[in-house]
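Read top to bottom, the protein sequences are chains Y and W. So the first sequence is numbered by this note's numbering: it starts at 2 and just counts up by one. So the second sequence is numbered by this note's numbering: it starts at 2 and just counts up by one. Reviewing the structure listed below.
Protein chains: 2
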Amino acid sequence: MLEAVLTDGGRSRASSLAGSLNVPVATIHRHLATLRDAGLLTPVGGGRHVAGPRMLAFAGRINVPEVLSGIGRQLLPDFARRLGCVVQLGTLDGDMVTYRVKVGGDLFTKVGMQLEAYCSAIGKVLLAHLPDGEQARYLEAGPFVQLTTHTITEPRALAREFVAVRRLGYACDREEISEGLACIAVPLRDAKGAVVAALSASRAIEPSHSGDLEAALPLLEEARGVLEQRAFGCST
Amino acid sequence: MLEAVLTDGGRSRASSLAGSLNVPVATIHRHLATLRDAGLLTPVGGGRHVAGPRMLAFAGRINVPEVLSGIGRQLLPDFARRLGCVVQLGTLDGDMVTYRVKVGGDLFTKVGMQLEAYCSAIGKVLLAHLPDGEQARYLEAGPFVQLTTHTITEPRALAREFVAVRRLGYACDREEISEGLACIAVPLRDAKGAVVAALSASRAIEPSHSGDLEAALPLLEEARGVLEQRAFGCST
DNA sequence: TTCTATTTCTCATATTGTGAGAAGTAAACC
DNA sequence: GGTTTACTTCTCACAATATGAGAAATAGAA
């Protein structure tokens, strides 16, 4: 009942809801009264209702990254198998990446681990999509430690890299965080288009071998679409 | 039960929830199983749960301005009486202000009405807190019609006004939208600090008389605090 | 004022929920 | 590997709540 009213968005009155839910009008009224009393719905006149303050409070307590992780743990093993890669989901917490899902093989990263953001594909995706002010502050904060000969550490080079990431729609890490490791990552967006997480496909490569990372892109974007659809009901 | 788990944020396991809710452990397990099956909760190991994808979908369907309006209709009549003013709540929709609540007297605005944003206190608050790119686009879009001799219409003057609004934390409209009308407005922020609406106190004044608008500020900020607390569980 | 639509109430019946405690499963410890 | 502890699921007798139909009350439109 609550779901039907939230989905309806306050457009229908009680008699219409009765029709669409195939429930007697008296029962609809009884349910609406209970939900109103509970603060989960608010009347807006004409027998119509929208979410109430208590519903908003519930929404405010949702930990979106944890929900995404739960969905990822369900869906990503299949994609990892199809990609023949390790697939990971990460979020930006402060200036670090938190690795929340990791399936399809072994890497040095562990679920729950936090690593610096500037040197990983996931991190570069998340940093690239920060608001300008926050990104500028991150770049000013330095220093950025050179982990391999490929690590980008110079702030202006990182800024250029972020521009490229936004343009391309994905980031690559070719041995920036670790010799012999290549990753590609794409952003996960919420219903408003804000980037809330990133998804990556990683694989070991021969050191200093470029590897065709972009070959993983179609399946990775498919995975991203399925996750966004499942979490937010829409997809970029 | 669902509310308790969302509030808990996945910290407690079933036996702890049983203790805090004063319910047998078997009943807690039964409820958790039902909520999991419904997709409203997701297990995160150790008998702990967080919001599930269906809960996130509910959250995505909440019309925040409508919820705020519902709360405003309840709380604002009292503030309007104490202020001896008309109190209004508005949101920015595209480049227009939608007036959603209006209590405490008569003004030319009507609930549901949309007006240009640049020339009202509510509008200036909302425009002032737009992301830089969006604000720049708004100022470029012009033209801004001169409604009274006091209306700010020059884009650079508007930009300076927005800087002042952000610095002061409120906006004033002294006969910018209508001769003889003065308003002061403050931003309404969500739990993340994003400005989602604005609240104003308005009163008729003698034409070309400044009026001491700031006298209304303490009560208006109190109203804003109560609304934010009720809607988002926290206050700026 | 009348008519129509909406909302609330009553009642007989149906359905679901509860707590206790047993049983099954999992994890920790020796 | 076996034992102990903790967690999870199941069963059952009993309790509580929900339901749909239709009547009654209220509100709005003509």
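A virtual CB, placed ideally from N, CA and C, is assigned to each residue, including glycine.
Discussion item. What would DSSP say about W/M56, mapped onto helix, strand or coil?
Written reply: helix
Worksheet item: How would you call W/F109, buried or exposed, if buried means at least 16 neighbouring beta carbons within 10 angstroms?
Response: exposed
Item to complete: For W/G234, go through chain Y and note every residue whose CB falls closer than 7 Å to its CB, in chain order.
Response: A58 and G61
Item to complete: In angstroms with no decimal places, state the Cα-to-Cα distance between Y/N64 and W/P78.
Response: 34 Å
Fill in: Cβ shell of Y/R55 (< 8 Å), same chain only, five flanking positions each side left out
A39, G40 and L41
Worksheet item: Who are the Cβ neighbours of Y/I72 in its own chain at under 8 Å, not counting the five residues just before and after it?
Response: L228, R231 and A232
Discussion item. Whole angstroms are fine: how far does the CA of W/E162 sit from the CA of W/R190?
Written reply: 20 Å
Worksheet item: DSSP three-state call for W/G10: helix, strand or coil?
Response: coil
Item to complete: Please state if the CB of W/A186 and the CB of W/A122 are separated by a distance shorter than 8 Å.
Response: yes
Item to complete: Using a Cβ-Cβ cut-off of less than 7 Å, give me the residues of the region 35 to 59 of chain W that come near chain Y, in sequence order.
Response: T43, V45, V51, A52, G53, P54, M56, L57, A58 and F59
Practice prompt. Could you list the residues in the region 68 to 79 of chain W with a C-beta less than 7 Å from some C-beta on chain Y, going in chain order?
Written response: V68, G71 and I72
Item to complete: Let me know if Y/Q89 comes out buried or exposed under the rule of 16 or more other beta-carbons within 10 Å of its beta-carbon.
Response: buried
Discussion item. Assuming W/R188 is part of the beta strand (DSSP E), what are its boundary residues?
Written reply: In the sequence as presented, Arg is not what sits at residue 188 of chain W; that position holds Pro. Segment L182 to R190, the beta strand (DSSP E) holding W/P188.
Worksheet item: Closest by CA to Y/Q75, which one among W/G53, W/L84 and W/G181?
Response: W/G53
Worksheet item: Excluding the five sequence neighbours on either side, which residues of its own chain have a C-beta within less than 7 Å of the C-beta of W/H32, listed in chain order?
Response: M2
Worksheet item: Y/T92 to Y/P66, Cα distance in whole Å?
Response: 7 Å
Worksheet item: For chain W, is any of its Cβ atoms less than 8 Å away from the one on Y/E4?
Response: yes
Item to complete: Please classify W/A202: does DSSP put it in a helix, a strand, or coil?
Response: strand
Fill in: Three CB pairs or more closer than 8 Å across the region 189 to 204 of chain W and the region 124 to 143 of chain W
yes
Fill in: Residue from W/G170, W/L214, W/F145 and W/D174 with nearest C-alpha to W/R225
W/G170
Worksheet entry | Whole alpha helix (DSSP H) elements within the region 57 to 120 of chain Y, 4-residue minimum | 65 to 84
Worksheet item: Is Y/T43 helix, strand or coil by DSSP?
Response: strand
Worksheet item: With DSSP run on the structure shown, which of helix, strand or coil describes Y/A195?
Response: coil
Item to complete: Would you mind sorting Y/I155 into buried or exposed? The rule is 16 or more other CB atoms within 10 Å of its CB.
Response: Note on identity: in this sequence residue 155 of chain Y is Glu, with Ile being the wrong assignment. Y/E155 should be labelled exposed.
Fill in: Beta-carbon gap between Y/L200 and Y/L220 smaller than 8 Å
no
Worksheet entry | Alpha-carbon spacing of W/S236 relative to W/A192, whole angstroms | 8 Å
Discussion item. So, under 8 Å CB-CB, W/A183 and W/L214 are touching, yes? Tell me the CB distance rounded to an integer number of Å.
Written reply: 6 Å
Discussion item. Out of Y/G61, Y/E4 and Y/V112, which one is the CA nearest neighbour of W/G234?
Written reply: Y/G61
Item to complete: Taking C-beta pairs closer than 7 Å, name the residues in chain W that Y/T8 reaches, listed in chain order.
Response: R62
Worksheet item: Where does Y/R175 sit, in a helix, a strand or coil, going by DSSP?
Response: strand
Discussion item. Just to check my reading of the structure: W/S13 and W/R37 have Cβ atoms closer than 8 Å, yes? What is that Cβ distance to the nearest angstrom?
Written reply: No, W/S13 and W/R37 are not in contact; Cβ-Cβ is about 16 Å, not under 8 Å.
Fill in: Own chain, CB closer than 6 Å to Y/V104, minus 5 neighbours either side, in chain order
L77, P78, A81 and V88
Fill in: Option nearest W/L1 by Cα separation, candidates W/R101, W/L57 and W/T150
Nothing in the structure corresponds to residue 1 of chain W, since chain W is present only between 2 and 237.
Worksheet entry | Whether W/C86 touches W/R175 by CB criterion (8 Å) | no
Worksheet entry | Exposed unless 16 or more other CB atoms sit within 10 angstroms - verdict on W/A202 | buried
Practice prompt. Just grab the DSSP bridge partners of Y/H151 for me.
Written response: DSSP output for Y/H151 lists no bridge partner at all.
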